[in-house]
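**Student:** Have a look at this one before I ask anything.
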Amino acid sequence: MEKIIKNFLVDGEVVLCERHGAGHINETYKVDLNNDGKVKSYILQRVNTQLFTDMDKLMSNISGVTNFLREKIIKEGGNPDRETLTVIKAKDDKDYYFDKETGSSYRMFLFIEDALALQKAEKPEQFKSSAQAFGKFANMLADYDASTLYETIKFFHDTTVRFENFKKAVAFNYQNRAEKIKEEIKFALDREEYASRIVNKIKDGRIPLKVTHNDTKLNNVLFDKDGVSAIAVIDLDTVMPGSILYDFGDSIRFGCNTGAEDEVDLTKVTFSMELFDTYVDGYLSEMGASITKEELSELAFSAILLTYECGIRFLGDYLSGDT
Ligand code: ATP
Ligand code: MG
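Everything in the sequence shown is counted per this note's numbering, starting at 771 for the first residue and increasing by one.
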């Protein structure tokens, strides 16, 4: 690891390099560098290039967005090293380092000190804080030219494509599984109109193309030591052009579910209106005036849409043979 770290624009002797956090996608390390008795910490990540196949595009998205946020945070008198990710450049001026020996790609960020990643909301205030963090993120990036971002995972929230894929899966009908889930298939097919509603509004310009985070779960927000106030939105791998409705809807989809995502006892799976109100409060309090009338009018629907999207994906996967 020392050899890898030496390829970044950092100084000092490596005094610590250990696995950090509970991420599932990349391999994350905390690195401490001692520079004449002063220790500075960094995050080093071996990127999952099986999932993110184009490092240049991936890091171009992340650098673009974090540099933009950085300037805004400075203007507002905030601390940019703490309130957003800071990419450390490699010595060849790239935003990552490709290690020929192992074929792995690495990147470094400043370590955000005295911060916590929560795996699960214990109190509604924490859910509200995450809503504020994502609302602020969307608001600050509302005037970012999202057309300059790369679509690093194609058709991620293109629900019309997702719906077409679902119909193909129904036709494929692996081991005649459709027999067992007739009702569920009918439920999904009956709601075809959902699939194109937002996509079409983006296409004809009624809903603006904006920066979308696409992974708005709780542990992608760093909290202050008090465990209540949010500091920064992290994990920007899935930042892509899209609609803020996708992030909002997805947060509601998993955040307001009273059961686990994979709960089999459906009596435990209900929608908490209380948590919905909590999230809306937090989100809109930070959204400011940047949210358009059209976006606002589709906010509640987006929660249905993102749940529907997940449903047809998983049901389609079952019909395709659990691929
Ligand atoms: P996921 O499973 O959410 O996709 P991932 O593998 O993409 O995760 P990250 O979310 O980027 O990894 O980081 C994993 C964890 O490392 C975070 O939850 C957080 O605890 C910690 N972390 C990441 N970046 C920083 C940072 N700049 N400063 C401090 N801690 C960080
Ligand atoms: Mg994460």
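Note that CB positions come from ideal geometry on N, CA and C, so glycine has one too. None of the values given here were measured: they were computed from a predicted structure.
Within 10 angstroms of the Cβ of glutamate 783, are there 16 or more other Cβ atoms? Answer buried if so, exposed if not.
**Tutor:** Glutamate 783 should be labelled exposed.
**Student:** Tell me, please, which residues DSSP counts as bridged to glutamate 788.
**Tutor:** According to DSSP, glutamate 788 bridges with Lys800.
**Student:** Only counting runs of 4 or more residues, tell me where the alpha helix (DSSP H) segments fall wholly within the region 1031-1076, in order along the chain.
**Tutor:** 1043-1057
**Student:** Mapping the DSSP letters down to three states, classify valine 809 as helix, strand or coil.
**Tutor:** strand
**Student:** Only counting runs of 4 or more residues, tell me where the alpha helix (DSSP H) segments fall wholly within the region 828-866, in order along the chain.
**Tutor:** 850-853
**Student:** Given this structure, state the Cα-to-Cα distance separating tyrosine 1088 from aspartate 1051, to the nearest angstrom.
**Tutor:** 37 Å
**Student:** Taking 8 Å as the cut-off, decide whether the C-beta atoms of valine 981 and alanine 916 are in contact.
**Tutor:** yes
**Student:** Please determine if the region 977-992 and the region 892-903 are in contact, where contact requires at least 3 C-beta pairs separated by less than 8 Å.
**Tutor:** yes
**Student:** Can you tell which of Glu883, Met829, Asp862, Leu880 has the C-alpha that lies nearest to the C-alpha of glutamate 921?
**Tutor:** For the residues Glu883, Met829, Asp862, Leu880, the minimum Cα distance to glutamate 921 belongs to Met829.
**Student:** Compute the minimum distance between the beta carbon of aspartate 1005 and the heavy atoms of ligand 2, and state whether it is under 7 Å.
**Tutor:** yes
**Student:** Determine the direct distance from the alpha carbon of aspartate 1047 to that of isoleucine 1082, and round the result to whole angstroms.
**Tutor:** 26 Å
**Student:** In terms of residues, what are the limits of the beta strand (DSSP E) holding aspartate 1007?
**Tutor:** Where aspartate 1007 is concerned, there is no enclosing beta strand (DSSP E), given that its DSSP letter is neither H nor E.
**Student:** Can you check which of these residues, Ala1059, Thr1028, Leu1015, Val1034, is closest to glutamate 1079 by C-alpha distance?
**Tutor:** Leu1015
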